[in-house]
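Colleague: Numbering (the numbering used here), first residue to last: 9 to 331.
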Amino acid sequence: MTSRSTPYGRGGGALHARVAVLTYQRQGLLADLLPQLVTQVEELCAWTGGTGDVLVVDNDPEGSARDVCAAVPEVCYVLERTPGIAAGRQRALEESADVDVLQFIDDDEEPATGWLLAMVATWWQQGRPDVVAGRILPRFAAPPSPWVASGRFFDRRDLATGTPVDVAGTNNMLIDIDRVRRLGVGFDPSLGLHGGEDTLFSAQLVRAGGRIVFCREGAVHDLVPAERSTRSWVLQRAWYHGQTRSLVATHLARTGRQRGWLRLTLLISGSGRLVLGAAQSCLGLLLRDDRTHARGLWMVHRARGVMSGALRAGPAEYGRPGR
């Protein structure tokens, strides 16, 4: 804990905070989000007496978000043509070398009242951890199907503020720029369009001795479009999550031999989880227990993804036309 009540930056100077949004062809959602972010930054600056801004990293090579950003004078705009979330996150880090804290949010999210204040306050009151992980709340565009609702697939973790965690989602993550730079951690663009950049970043940060804490009050509402609250999308997502788990795990292996053994271990464990999931799914059908059936089927698809990722045989989750 710190003795000073309001946060300050490096060397005791005024705090410089930045909110970064990575966007790709979501001009309507981005136009709704940006004024909210500007307001939150102004509220933060009124508390800290420091400075702040909003940065948009456009991952569309055609620069489709440029005009939306130009309509909001307080917003800085950069174009990152390298496709992939990791490339966009890394560009935001590189553009923020002179700031103290960098807060990520996605273009399909809405911040709760006091979100940015809560994230920065947690960072300050918890002794300036390397990363603060914020809370994610689903915002359904349409009621999910009964099958999806029974499986509770969109429930997110809800922990007390200050709880140490091992992973933070980049869609609501605050980074202490100076501390993360000293640890030599960044977002690895080699993942391309596969996703998992947040898992890899968190794992590398913790391995390097970094610290992540949770902030319950710093919540964002994550839009769940109608097409994503369906059984087919949830099962496809489970497959991709399994694949990402394997890709990140093998990426973290230190030697080729270790990577080979890890691939074998993932194949064996994936096979076991597939059998267990199939049994659970069948049991759910027999008992007419929708939750047991749904979670078992989800386990089957995730296990298939784990095995595919171990062999690097699957498509990218965020694949784009022509790639």
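By construction, the Cβ of each residue, glycine as well, lies at the ideal position given by its N, Cα and C atoms.
Just so you know, these numbers come straight off a predicted model, no measurement behind them.
Evaluate V49 with the Cβ neighbour count: other Cβ atoms within 10 Å of its Cβ, from every protein chain shown; 16 or more gives buried, anything less gives exposed.
Modeller: It counts as buried.
Colleague: What are the start and end residues of the beta strand (DSSP E) that includes E117?
Modeller: Here the beta strand (DSSP E) through E117 covers E117 to P119.
Colleague: Any chance the stretch 274-289 sits against the stretch 203-216, with 3 or more Cβ pairs inside 8 Å?
Modeller: Touching, no.
Colleague: What does DSSP give as the partner residues of C223 in its beta bridges?
Modeller: G142.
Colleague: Entirely within the stretch 23-95 and at least 4 residues each: give me those alpha helix (DSSP H) ranges in chain order.
Modeller: Runs found: 35-56 and 74-78.
Colleague: Quick one: Cα of A246 to Cα of G58, how far?
Modeller: Looking at the two C-alpha atoms, the distance is approximately 42 Å.
Colleague: Determine the direct distance from the alpha carbon of W306 to that of P316, and round the result to whole angstroms.
Modeller: In the sequence as displayed, the identity of residue 316 is Ser instead of Pro. Taking the straight line from one Cα to the other gives about 15 Å.
Colleague: If you reduce the DSSP assignment to three classes, tell me which class M148 lands in.
Modeller: At residue 148 the sequence reads Phe, which differs from the Met that was named. Three-state DSSP puts F148 in a strand.
Colleague: Using three-state DSSP, classify F209 as helix, strand or coil.
Modeller: Helix at F209.
Colleague: How close, in whole Å, do the beta carbons of T238 and V156 come, if the pair is a contact with beta carbons under 8 Å?
Modeller: The pair is a contact, with the Cβ atoms about 7 Å apart (cut-off 8 Å).
Colleague: Rounding to the nearest angstrom, what Cα-Cα distance links Q133 and A28 in this structure?
Modeller: Near 22 Å, if we compare the C-alpha coordinates of A28 and Q133.
Colleague: What separation, rounded to the nearest whole angstrom, lies between the Cα atoms of G313 and H229?
Modeller: So the two alpha carbons sit approximately 27 Å from each other.
Colleague: Under 8 Å Cβ to Cβ from L319, same chain only, skipping five residues before and after it: list those, please.
Modeller: Cβ within range, chain order: R271 and L275.
Colleague: What does the Cβ neighbour count give for W123, buried or exposed, with the cut at 16 atoms within 10 Å?
Modeller: Buried, since its Cβ has 16 or more Cβ neighbours within 10 Å.
Colleague: V107 and R189 look like a contact to me (Cβ under 8 Å); what is the Cβ gap, rounded to whole Å?
Modeller: Between R189 and V107 the Cβ distance is about 11 Å, and since that is not below 8 Å, they are no contact.
Colleague: Which of the three DSSP states, helix, strand or coil, is assigned to D186?
Modeller: The answer is helix: DSSP assigns D186 an H, G or I state.
Colleague: Return the CA-CA distance between V86 and L30, expressed in angstroms with no decimal places.
Modeller: In a straight line, the C-alpha of V86 is about 10 Å away from that of L30.
Colleague: Taking the straight line between their C-alpha atoms, what separation do you get for L42 and C77?
Modeller: Cα to Cα, the separation comes out at about 8 Å.
Colleague: Counting C-beta neighbours from all protein chains within 10 Å, is the total for R236 16 or more, i.e. buried, or is it exposed?
Modeller: Buried.
Colleague: What's the call for W269, buried or exposed, on a 16-neighbour Cβ count within 10 Å?
Modeller: Exposed, since its Cβ has fewer than 16 Cβ neighbours within 10 Å.
Colleague: To which residues of the same chain is R34 closer than 7 Å at the C-beta, ignoring the five residues directly before and after it?
Modeller: For R34, where only same-chain residues beyond five positions count, the Cβ hits under 7 Å are D115 and D116.
Colleague: Tell me where the beta strand (DSSP E) around V109 begins and ends.
Modeller: Looking at the DSSP string, the run of the beta strand (DSSP E) that includes V109 is V109 to D114.
Colleague: Distance check for R281 and A311, CA to CA, integer angstroms please.
Modeller: Roughly 6 Å between the two C-alpha positions.
Colleague: Is it right to say V283 is buried, meaning 16 or more other beta carbons lie within 10 angstroms of its own, or is it exposed?
Modeller: With fewer than 16 Cβ atoms within 10 Å of its Cβ, V283 is classed as exposed.
Colleague: Taking C-beta to C-beta, are A141 and F222 nearer than 8 Å?
Modeller: Yes, they are a contact pair.
Colleague: Just the C-alpha distance for A287 and H249, rounded to the nearest angstrom, thanks.
Modeller: Roughly 21 Å separates the two Cα atoms.
Colleague: Please classify L243 as buried or exposed, where buried requires at least 16 neighbouring CB atoms within 10 angstroms.
Modeller: By the neighbour-count rule (16 or more Cβ atoms within 10 Å), L243 is buried.
Colleague: Under 8 Å between the Cβ atoms of L110 and T56?
Modeller: Not in contact: L110 and T56 (Cβ atoms no closer than 8 Å).
Colleague: How far does the alpha helix (DSSP H) with H301 in it reach, from first residue to last?
Modeller: Run containing H301: D298 to A318, per the alpha helix (DSSP H) assignment.
Colleague: What whole-angstrom Cβ distance do A94 and F195 have, given they're in contact under 8 Å?
Modeller: Confirmed, about 4 Å.
Colleague: Could you round the C-beta distance between D66 and E82 to whole angstroms and report it? I think they count as a contact, below 8 Å.
Modeller: Contact flag wrong, Cβ pair sits at about 17 Å.
Colleague: By DSSP, does H229 sit in helix, in strand, or in coil?
Modeller: Of the three classes helix, strand and coil, the one that applies to H229 here is strand, per DSSP.
Colleague: Hey, V232 and F148: beta-carbon distance below 8 Å or not?
Modeller: Yes.
Colleague: Closest to A54 by C-alpha separation, out of F112, L125 and P119, would be which residue?
Modeller: That would be L125, whose Cα lies nearest to the Cα of A54.
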